[in-house]
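Note that the numbering used here has the sequence shown beginning at 2, numbered continuously upward.
Notes to accompany the following structure.
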Amino acid sequence: MRQIDRRPFVFALVLYLLAWFLGFPIRAQSAPQNDVECTLILDAASGETLYRQGVCDQRFSPASTFKVPLSLIGYDAGILIDEHTPAWDYKPEFNAVKRDQKTVDPTIWEKDSVLWFSREITRRLGSERFAGYVSKFDYGNTDVSGNTGKNDSLTRSWVNSSLKISPVEQVNFLRRLLDRNLPVSDKAYAMTEAILPTFQTGGWTVQGKTGSTRLRNDADKVRDDRSLGWFVGWAQKDGRKIVFASLAVDAKRSDTPKGLKTRAMFLKDLPNLIKQD
Numbered sequence: 002m003r004q005i006d007r008r009p010f011v012f013a014l015v016l017y018l019l020a021w022f023l024g025f026p027i028r029a030q031s032a033p034q035n036d037v038e039c040t041l042i043l044d045a046a047s048g049e050t051l052y053r054q055g056v057c058d059q060r061f062s063p064a065s066t067f068k069v070p071l072s073l074i075g076y077d078a079g080i081l082i083d084e085h086t087p088a089w090d091y092k093p094e095f096n097a098v099k100r101d102q103k104t105v106d107p108t109i110w111e112k113d114s115v116l117w118f119s120r121e122i123t124r125r126l127g128s129e130r131f132a133g134y135v136s137k138f139d140y141g142n143t144d145v146s147g148n149t150g151k152n153d154s155l156t157r158s159w160v161n162s163s164l165k166i167s168p169v170e171q172v173n174f175l176r177r178l179l180d181r182n183l184p185v186s187d188k189a190y191a192m193t194e195a196i197l198p199t200f201q202t203g204g205w206t207v208q209g210k211t212g213s214t215r216l217r218n219d220a221d222k223v224r225d226d227r228s229l230g231w232f233v234g235w236a237q238k239d240g241r242k243i244v245f246a247s248l249a250v251d252a253k254r255s256d257t258p259k260g261l262k263t264r265a266m267f268l269k270d271l272p273n274l275i276k277q278d
């Protein structure tokens with residue numbers, strides 16, 4: 002009888018056990034294992050790259066930066082009316098964190114980054130219209146299908162799920178927004194600009210949105226040791242306008258929302274990153 006050489010199987014088992022013991026990934030992870038950073042600034046009018054540092058072409062969940070396109074969608078669809086209308090009351094079934102258990106209008110929604118308000122907009126849109134807007138916007142990978150088998154397109158697709166976007170795609174989308182080159186009404190542009198939070202730094206007037214989340218692995222479980230933070234938007238000074246995307250992914254746990262840290266760092270650095278002629 003022909004003998005089976007078991008040495009390759011034993012060798013493979015040893016490698017597997019060694020990888021497990023040392024903590025190496027046995028299969029590819031959907032989220033990066035190392036720190037990732039990007040700061041990308043473009044001239045809003047010409048598209049010229051004014052500053053670029055780090056890995057800027059890798060896609061991640063947009064998290065709460067998705068409130069920028071969702072604002073355009075909400076106003077264009079007639080779900081949102083003005084800066085303070087509608088004002089929706091909190092309901093226990095929203096299952097929100099304590100700070101979000103309050104009446105919320107569009108301005109508060111953007112300022113406090115209230116997830117349940119976003120979900121109420123998408124619920125009123127419905128899956129077909131929601132997916133249609135994201136596709137027409139050509140936003141990131143345009144995939145709002147959500148998590149496989151969970152039927153959560155309208156509640157989770159932009160938070161650690163199917164929808165992903167890179168810093169390069171973020172700034173290109175923002176340029177199209179400022180150029181009014183998206184398929185939405187003039188009111189949608191005006192209202193979105195009106196409710197986006199505003200900051201001042203070194204003579205720059207900055208409008209932008211943060212995004213914070215913790216990355217998931219292939220088993221769709223939250224990894225508490227890796228935090229993602231975004232800050233995206235536009236800024237102007239002395240008649241010059243820029244668009245920007247700042248991204249940070251830490252391979253360690255952050256006890257505060259990473260988006261807030263990313264915003265603080267960008268606002269601190271901006272005056273030195275862009276020198277006026």
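Each residue gets a CB set at the ideal place from its N, CA and C atoms; glycine is no exception.
query: Apply the 10 Å Cβ neighbour rule to Asn161 and answer buried if 16 or more other Cβ atoms are within range, or exposed otherwise.; result: buried
query: In terms of residue numbering, what span does the beta strand (DSSP E) encompassing Tyr52 cover?; result: Thr50 to Gly55
query: Straight-line CA distance for Trp205 to Pro272?; result: 8 Å
query: Figure out for me which residue from Asp256, Phe232, Ala236 and Gln237 has the closest Cα to the Cα of Glu38.; result: Phe232
query: Should Ser114 go down as buried or exposed, given a rule of 16 or more other Cβ atoms within 10 Å for buried?; result: buried
query: Starting from Ser136 and walking both ways along the alpha helix (DSSP H), at which residues does that stretch end?; result: Ser128 to Phe138
query: From Lys99, Trp117 and Tyr76, pick the residue whose C-alpha is nearest to that of Trp89; which is it?; result: Trp117
query: Looking at Lys188 and the ligand GTP, is the gap between the Cβ and the nearest heavy atom below 7 Å?; result: As presented, the structure is devoid of all ligands, the ligand GTP included, so that no description of it is given.
query: Just the Cα atoms here: how many angstroms apart are Ser62 and Ser213?; result: 9 Å
query: Any chance the region 119 to 131 sits against the region 75 to 82, with 3 or more Cβ pairs inside 8 Å?; result: yes
query: Are Gly147 and Ser158 close, meaning C-beta to C-beta below 8 Å?; result: yes
query: Cβ atoms of Asp106 and Thr86: under 8 Å apart, would you say?; result: yes
query: Excluding the five sequence neighbours on either side, which residues of its own chain have a C-beta within less than 8 Å of the C-beta of Asp153, listed in chain order?; result: Gly147 and Ser162
query: The beta strand (DSSP E) with Val37 in it runs from where to where?; result: Val37 to Asp44
query: Between the Cα of Leu81 and the Cα atoms of Lys68, Gln208 and Leu178, which residue gives the shortest distance?; result: Lys68
query: Applying the criterion that 16 or more other CB atoms from any shown protein chain within 10 Å of the CB defines a buried residue, is Glu279 buried or exposed?; result: Absent from the model: residue 279. The displayed extent of the chain is 2 to 278, so no value can be given.
query: Look at the Cβ atom of Pro198, then the Cβ atom of Lys112, and state whether they are nearer than 8 Å.; result: yes
query: Quick check on the burial criterion: 16 or more other C-beta atoms within 10 angstroms. Buried or exposed for Gly79?; result: exposed
query: Unbroken alpha helix (DSSP H) runs of length 4 or more, entirely within the region 143 to 175: which are they?; result: 154 to 157
query: Hey, Thr211 and Gly260: beta-carbon distance below 8 Å or not?; result: yes
query: Below 6 Å CB to CB, which residues in the same chain sit around Arg264 once its five sequence neighbours on both sides are set aside?; result: Thr211 and Phe232
query: In three-state terms, what does DSSP make of Thr257?; result: coil
query: I'd like to know if the region 164 to 184 and the region 235 to 249 are in contact, where contact means that at least 3 CB-CB pairs between them fall below 8 Å.; result: yes
query: With DSSP as the reference, please indicate the residues paired to Phe200 in a beta bridge.; result: Val207
query: If you draw a straight line from the alpha carbon of Thr108 to that of Ile196, how long is it in whole angstroms?; result: 5 Å
query: My understanding is that Gly1 touches Gln208, with C-beta atoms under 8 Å, so please give their C-beta distance in whole angstroms.; result: No answer is possible for residue 1: it lies beyond the span of the chain, which begins at 2 and ends at 278.
query: Taking the beta carbon of Gly127 as the centre, do at least 16 other beta carbons fall within 10 Å, making it buried, or is it exposed?; result: exposed
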